[in-house]
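Chains as they are written, first to last, in my numbering: chain A, 381 to 733; chain B, 4 to 263.
Quick reminder that beta carbons are idealized off the backbone N, C-alpha and C, glycines included.
Bear in mind that the values here come from a model prediction, so they are computed numbers and not experimental data.
Structure first, commentary second.
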Amino acid sequence: MNRFFGHITGAILLFALSNGCTQGTTADTAPAPLHGPEHFVQLVDYPENPYHPEKAALGQMLFFDPVLSKDSTLSCGSCHLPERAFTDGKAIAVGIENRKGTRNAPSLVNLAWVTTGLFWDGRSPTLEAQAVHPVINPNELGSDWPTVLQRLRAHPDYPRLFERAFGGPLEQEQVVNALAHFQRSLMSSESKYDSIMREEAAYTVLELRGKHIFFDSSEELPDGECGHCHTPPLFTDQTYMNNGVQEEQAPYTYTDPGRGAVTGAKYDNGRFRVPSLRNITLTAPYMHDGRFSTLQEVIEHYNSGGHPGPNVDPKIRKLHLSDEDKLALIAFLGTLTDTSFVRKLSDQKALLQ
Amino acid sequence: MKQTLFLLALAVALITAGCGNSDDNGGPATTELTLLATGTYGDDPLVMFERTYNYEDGMQLQMQLLQTYLSDIALVYEEDGTEKEELLTNIALVSFADVYTDADATAGVEVVKMEVPVRNYTGLKIGLGVSPELNATIPPDYDLTHPLSQNYWEDASSYIFFKIEGNADLDADGEFQEKLTYHIGGNNNYSSVQFTGAIDLEKGTPQTLALNFDLQEILIRQQDGAFWDFREAQFAHSTTSPAAVFMAENIPAAVSLETR
Numbered sequence: 381m382n383r384f385f386g387h388i389t390g391a392i393l394l395f396a397l398s399n400g401c402t403q404g405t406t407a408d409t410a411p412a413p414l415h416g417p418e419h420f421v422q423l424v425d426y427p428e429n430p431y432h433p434e435k436a437a438l439g440q441m442l443f444f445d446p447v448l449s450k451d452s453t454l455s456c457g458s459c460h461l462p463e464r465a466f467t468d469g470k471a472i473a474v475g476i477e478n479r480k481g482t483r484n485a486p487s488l489v490n491l492a493w494v495t496t497g498l499f500w501d502g503r504s505p506t507l508e509a510q511a512v513h514p515v516i517n518p519n520e521l522g523s524d525w526p527t528v529l530q531r532l533r534a535h536p537d538y539p540r541l542f543e544r545a546f547g548g549p550l551e552q553e554q555v556v557n558a559l560a561h562f563q564r565s566l567m568s569s570e571s572k573y574d575s576i577m578r579e580e581a582a583y584t585v586l587e588l589r590g591k592h593i594f595f596d597s598s599e600e601l602p603d604g605e606c607g608h609c610h611t612p613p614l615f616t617d618q619t620y621m622n623n624g625v626q627e628e629q630a631p632y633t634y635t636d637p638g639r640g641a642v643t644g645a646k647y648d649n650g651r652f653r654v655p656s657l658r659n660i661t662l663t664a665p666y667m668h669d670g671r672f673s674t675l676q677e678v679i680e681h682y683n684s685g686g687h688p689g690p691n692v693d694p695k696i697r698k699l700h701l702s703d704e705d706k707l708a709l710i711a712f713l714g715t716l717t718d719t720s721f722v723r724k725l726s727d728q729k730a731l732l733q
Numbered sequence: 004m005k006q007t008l009f010l011l012a013l014a015v016a017l018i019t020a021g022c023g024n025s026d027d028n029g030g031p032a033t034t035e036l037t038l039l040a041t042g043t044y045g046d047d048p049l050v051m052f053e054r055t056y057n058y059e060d061g062m063q064l065q066m067q068l069l070q071t072y073l074s075d076i077a078l079v080y081e082e083d084g085t086e087k088e089e090l091l092t093n094i095a096l097v098s099f100a101d102v103y104t105d106a107d108a109t110a111g112v113e114v115v116k117m118e119v120p121v122r123n124y125t126g127l128k129i130g131l132g133v134s135p136e137l138n139a140t141i142p143p144d145y146d147l148t149h150p151l152s153q154n155y156w157e158d159a160s161s162y163i164f165f166k167i168e169g170n171a172d173l174d175a176d177g178e179f180q181e182k183l184t185y186h187i188g189g190n191n192n193y194s195s196v197q198f199t200g201a202i203d204l205e206k207g208t209p210q211t212l213a214l215n216f217d218l219q220e221i222l223i224r225q226q227d228g229a230f231w232d233f234r235e236a237q238f239a240h241s242t243t244s245p246a247a248v249f250m251a252e253n254i255p256a257a258v259s260l261e262t263r
């Protein structure tokens, strides 16, 4: 009961925050294009689901509401915690009834810029398409859409809130559109790195050394080869790569084929989406299977050159980093943590619980 | 009334006479032009992963990526004794990353496909890399669907014009364990080429041109046979890297144009 009242109170507060001047029962649902920070690539409108902050606020309610799970025990936010930059701290995500998933819960930061597919293997082309799956995946929320819709329609507030946000009945399309809206609104761009780019802060000596290693920008230091794929400002180039993390069982054959299972091309086997490194200090453990508990382990992997294989990316090679180089890289990665983003979203989550 | 009808008839006559080269909508007649990019290694099709290419001194090469920007692609024609240009696009990003078979290589990668005014063109101009004008911009100047929203080198204040990535066998042991990553950018490594020859576009007859990149000629200089020795440097990450400069200098001679 307390949770119920918490949700309603939080919803009222969030709606007030998202559209404080709106009166009456129907929101002004005219699109309000989503804008990113100035130092990011410009966003394009998504006409199939035009952005409106009120829809995002509704999506945020849904995201943290266990009503979407079969047994009402888990929400999207159970595996995507704001305080961990929308990851869960587990190697492999765990769904209802403690069912183990197959991969690490990825961070949900700056997804508005994703154009090449969602999930580690990119199997969903859009956030709207992606939002369908966790609800019905037996190892995640384990429910089914008719049940979810039945519960939401019987809820004392959701029908009204959907009517207000979307101006129409509560259907699956509106639910996934709301969830997509919320995820699209998650923008992290206020790290120390961003402040330095705006010349409002400066690197420490160690961070600067790490930055040069990361971007291969000093002839006196070894190349870390990181910035080729983790390109700023998103710190991902949105490609799929085999980074030599899995041992090849036979040519082009891996325990988890990753992208190859989606495209059917053997050259994509063992390739996974290059994740953003923003807030990387908060998103351990690392890699698609969470095999590395710490950034030190991640850097040791890259320093070793990884496992060989015909489609392992040529940029994965022995790096010859010293211990100080490794510490410097970790120090630089620390500048990508956006505490204001984490705090804001954590506070909003608290309002909903 | 008679005067009005006369003026109307005159106007129709003038419009008809003045638009002898027009289509049904009143604009200049056009036809569809497709510009493809293809890749070869000498006489062999350029294929990622599946082909092994012989290199100098017994070395061998397997490719994973060839990627290039092309700027200011324009058809050239003469009018009133003056050379003029019909711009097709000011920037295109071409990647051969998904060319896995000989058939893929022959089919090529689409660079641009558009309606172009029907004319007797005399050539095609192409900038190899990102033109200095565009190279002065940065990704936030563009939306995320634009070719220049990616591949930017912040420290070099330049886009990465070309990426050549693959693996090499340096000692003929059959193991391709040496990683090659040559990235080329910077205004100093930009060049342009003009192909001269008749490109006659006729209304209703789609035309296809194919721009070929011969990787062998990028790595091995045509004039004197000098080659980039993979044993010397297996990567280039700066605008002044000797490997990058050597390859950039070779690119104009490594491209050719054919009509399909």
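Query                                                                                                                       : Result
Residue environment, A/Asp-524, which counts as buried when at least 16 other CB atoms sit within 10 Å                      : exposed
Extent of the continuous beta strand (DSSP E) run through B/Tyr-185                                                         : 181–188
Alpha carbon of A/Leu-521 to alpha carbon of A/Arg-651, nearest angstrom                                                    : 26 Å
Expected contact under 8 Å - CB spacing of B/Leu-39 and B/Leu-214 to nearest Å                                              : 7 Å
is_contact[A/Phe-652, chain B] using C-beta, thresh 8 Å                                                                     : no
Euclidean distance between Cα positions of A/Leu-699 and A/Glu-680                                                          : 10 Å
Closest residue to B/Ala-77 among B/Arg-54, B/Ile-94 and B/Gly-111 (Cα-Cα distance)                                         : B/Ile-94
8 Å Cβ cutoff, B/Ala-14 in contact with chain A                                                                             : Model confidence at B/Ala-14 stands at a pLDDT of 46, short of 50, so the residue's coordinates are unreliable; what they give is reported in the following sentence. So, not an interface residue.
Distance CB(A/Pro-413)-CB(A/Tyr-431) smaller than 8 Å                                                                       : yes
When A/Tyr-620, A/Ala-730, A/Gln-626 and A/Asp-537 are compared against A/Gly-502, the one with the closest alpha-carbon    : A/Tyr-620
Where A/Asp-669 meets chain B, residues with beta-carbon distance less than 7 Å                                             : The contacting residues do not exist; A/Asp-669 stays about 23 Å from chain B at best.
Residue interval of the alpha helix (DSSP H) (run including A/Thr-495)                                                      : Element bounds for A/Thr-495: n/a, residue is neither H nor E.
Closer than 7 Å at the beta carbon, the chain B residues around A/Arg-697                                                   : Lys-182
Proximity below 8 Å, CB of B/Pro-48 to CB of B/Leu-131                                                                      : no
Three-state secondary structure (DSSP) of A/Asn-519                                                                         : coil
Neighbourhood of B/Glu-181 by C-beta, 8 Å cutoff - its chain only, sequence neighbours within 5 removed                     : Asn-170, Ala-171, Asp-172, Leu-173, Phe-233 and Gln-237
heavy atom of the ligand ATP below 7 Å from A/Ser-458 C-beta                                                                : No copy of the ligand ATP occurs in the structure displayed, which carries no ligand at all.
Inter-stretch contact (C-beta, 8 Å, three-pair minimum) for the region 184–195 of chain B and the region 239–248 of chain B : yes
is_contact[A/Phe-384, chain B] using C-beta, thresh 8 Å                                                                     : Unreliable positioning characterises A/Phe-384 in this predicted model, as indicated by a pLDDT of 42, which lies under 50. The coordinate reading is nonetheless provided below. Judged by the 8 Å Cβ criterion, A/Phe-384 is not in contact with chain B.
Any chain B beta carbon closer than 8 Å to A/Thr-495                                                                        : yes
Assigned secondary structure, A/Gln-626 (DSSP; H/G/I helix, E/B strand, else coil)                                          : coil
Unbroken stretches of the alpha helix (DSSP H), 4 residues or longer, contained in the region 622–707 of chain A            : 639–643 and 675–684
A/Val-515 versus A/Gly-475, A/Glu-600 and A/Ile-696, residue with shortest Cα-Cα distance                                   : A/Gly-475
Burial state of A/Ala-492 (16 or more Cβ within 10 Å)                                                                       : buried
Residue range of the unbroken alpha helix (DSSP H) whose run includes B/Glu-252                                             : 245–257
Nonlocal neighbours in the same chain, by C-beta distance under 8 Å from B/Thr-43, ignoring five residues either side       : Leu-49, Ala-108, Asn-215, Phe-216, Asp-217, Leu-218 and Gln-219
Buried or exposed (CB count within 10 angstroms, at least 16 for buried), A/Ser-726                                         : exposed
Straight-line Cα distance separating A/Phe-672 from A/Asn-519                                                               : 22 Å
Bridge-paired residues (DSSP) for B/Asp-203                                                                                 : B/Asn-123
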